[in-house]
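Worksheet: one structure, shown below.
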Amino acid sequence: GAVVSQHPSRVICKSGTSVKIECRSLDFQATTMFWYRQFPKQSLMLMATSNEGSKATYEQGVEKDKFLINHASLTLSTLTVTSAHPEDSSFYICSALSLWASGEGTDTQYFGPGTRLTVL
Amino acid sequence: AQTVTQSQPEMSVQEAETVTLSCTYDTSESDYYLFWYKQPPSRQMILVIRQEAYKQQNATENRFSVNFQKAAKSFSLKISDSQLGDAAMYFCAYRSWSGGTSYGKLTFGQGTILTVHP
Chain S
257 GAVVSQHPSR
267 VICKSGTSVK
277 IECRSLDFQA
287 TTMFWYRQFP
297 KQSLMLMATS
307 NEGSKATYEQ
317 GVEKDKFLIN
327 HASLTLSTLT
337 VTSAHPEDSS
347 FYICSALSLW
357 ASGEGTDTQY
367 FGPGTRLTVL
Chain Y
482 AQTVTQSQPE
492 MSVQEAETVT
502 LSCTYDTSES
512 DYYLFWYKQP
522 PSRQMILVIR
532 QEAYKQQNAT
542 ENRFSVNFQK
552 AAKSFSLKIS
562 DSQLGDAAMY
572 FCAYRSWSGG
582 TSYGKLTFGQ
592 GTILTVHP
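Chains as they are written, first to last, in this note's numbering: chain S, 257 to 376; chain Y, 482 to 599.
Written as structure tokens, this is what we have:
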């Protein structure tokens, strides 16, 4: 099946520093990737849609200058949390849209394992 | 805009028994996808089952099946012969059929925490 990886799985940083999270589709190409934020026992909140080679589309209320998204290739998207503050502490999840032509992989979103960010 | 509602914050079931998780949605579209995702304690989202709205037949995947009622905009998940490994948070999700800037976006419900008792 389709595999999406995220790195790092956990990161602790000091307030005011920037953190980069990588999302990779390992065995398929993804023209579209998504970034979510999730608080404990809550649903996933979509932050932005990342399309390869173009600017990301941010959801209402998400600060684009704070959460920088780059989708430089068909297998890699990155989320950079700039000048992180304790309120940015959360679980960040990426997903990649598979456009395989057949089987259960067709047009399905596959999720990475998530990154737990703690800002001190 | 589409909305997805899961009205059961928590459910519990005995091992080997059957449990049904509810999901309703609101949309003006006629073609769309519906999904159930499972998020175990590891927090890795796992696709459980998907349903295309144009298909009248309910999707099944081994012990997991859905009851898709398009007119009622209802999409419940039935788990048969529940196992300890089924314990997780379950999310119902909606996706539009059409493209554009919203292509592929999922709208999630609030989630249902399922506990399985031995």
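From the three backbone atoms N, C-alpha and C, an ideal C-beta is built for every residue, glycine too.
Buried or exposed by the 16-neighbour rule on C-beta atoms within 10 Å, applied to residue 535 of chain Y: So residue 535 of chain Y counts as exposed.
With 16 as the cutoff for other CB atoms within 10 Å, does residue 543 of chain Y come out buried or exposed? Residue 543 of chain Y should be labelled exposed.
Taking all protein chains shown into account, decide if residue 316 of chain S is buried (16 or more other Cβ within 10 angstroms of its Cβ) or exposed. Looking at its Cβ environment, which holds fewer than 16 other Cβ atoms inside 10 Å, residue 316 of chain S is exposed.
Output needed in chain order: residues of the stretch 511 to 526 of chain Y with a Cβ under 9 Å from some Cβ in chain S. Here the close residues are 514, 516, 518, 520, 523, 524, 525, 526.
Return the chain-ordered list of same chain residues with a C-beta closer than 8 Å to the C-beta of residue 576 of chain Y, the five sequence neighbours on each side being excluded. Non-local beta-carbon contacts of residue 576 of chain Y in its own chain, meaning distances under 8 Å to residues more than five positions away in sequence, involve 513, 514, 515, 516, 585, 586, 587, 588 in chain order.
Same chain, Cβ closer than 8 Å to residue 596 of chain Y, neighbours up to 5 away in sequence not counted: Answer for residue 596 of chain Y: 491, 492, 493, 494, 568, listed in chain order.
Other residues of its chain near residue 521 of chain Y: CB distance less than 6 Å, five sequence neighbours each side excluded: Here the set comprises 569.
Within 10 Å of its beta-carbon, does residue 268 of chain S have 16 or more other beta-carbons around it, so buried, or fewer, so exposed? Classification of residue 268 of chain S: exposed, given that the 10 Å Cβ count is below 16.
Does the CB of residue 369 of chain S have a neighbour CB from chain Y at under 7 Å? Yes, contact with chain Y.
Hey, residue 383 of chain S and residue 353 of chain S: beta-carbon distance below 7 Å or not? Because residue 383 of chain S is not part of the residues shown, which for chain S are 257 to 376, the question remains open.
I want to verify the contact list: residues of chain Y whose CB lies under 8 Å from the CB of residue 288 of chain S, in sequence order. Ordered by position in chain Y, the residues that pass the 8 Å Cβ test against residue 288 of chain S are 584, 585.
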